[in-house]
Amino acid sequence: MKKELLILKRKKAKELHDKGWSNRRIAGHLFASKDSVGKWVQMDEIEISTDNRGWKKGRTRVYTPETKQQIIKIRKDLEKENSYFFGSKVVKENFETQTEERVSKSFVDCVLKEAGL
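According to our numbering, the residues represented by the sequence shown are 9 to 125, in order.
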């Protein structure tokens, strides 16, 4: 959901709650879950106007750009070798064997998809 839409929904939920609407009725009207509405109506004005979803500031991501490049290189090397198997599972296993680092299969899938492989 876009940031502006979320803020508008929060404000509308707060407004309807002040008019006496139930959380369930507000949720149906705004197409949101009643749990979300419950959180929104308890927020103060500052919290309503800020959207703190997403990646927390200051935390580094698990995988570096070098890791992505290495995964792409492994996949291309497997293709050059005319390997019959070069799917994400094989790329993941080769990466872990070569580097002693652990990566998730879904990460390898995403990297290969972004690279168009």
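Note that the Cβ used here is the ideal one computed from N, Cα and C, for glycine as well. Just so we're clear, the structure is a prediction, and the values are computed from it rather than from any experiment.
query                                                                                                                   : result
Residue closest to Leu-125, alpha-carbon to alpha-carbon, out of Thr-105, Ser-112, Ile-82, Glu-108                      : Ile-82
Euclidean distance between Cα positions of Leu-13 and Lys-19                                                            : 10 Å
Residues of its chain near Lys-11, where Cβ-Cβ distance is below 7 Å and the 5 sequence neighbours each way are ignored : Asp-59
CB contact check: Lys-22 to chain D, cutoff 9 Å                                                                         : Among the protein chains of the structure shown there is no chain D, as only one such chain exists.
Beta carbon of Ile-34 nearer than 9 Å to that of Lys-47                                                                 : no
Exposure of Lys-121, with buried meaning 16 or more beta-carbon neighbours within 10 Å                                  : exposed
The alpha helix (DSSP H) enclosing Glu-53, as first and last residue numbers                                            : 53-57
8 Å contact criterion, which Ile-80 and Ala-40 should meet: CB distance rounded                                         : At roughly 40 Å, the Cβ-Cβ gap does not stay under 8 Å, so Ile-80 and Ala-40 are not in contact.
Endpoints, alpha helix (DSSP H) assigned at Lys-19                                                                      : 11-26
Backbone CA spacing between Thr-75 and Leu-38 [nearest angstrom]                                                        : 42 Å
Three-state secondary structure (DSSP) of Ser-96                                                                        : helix
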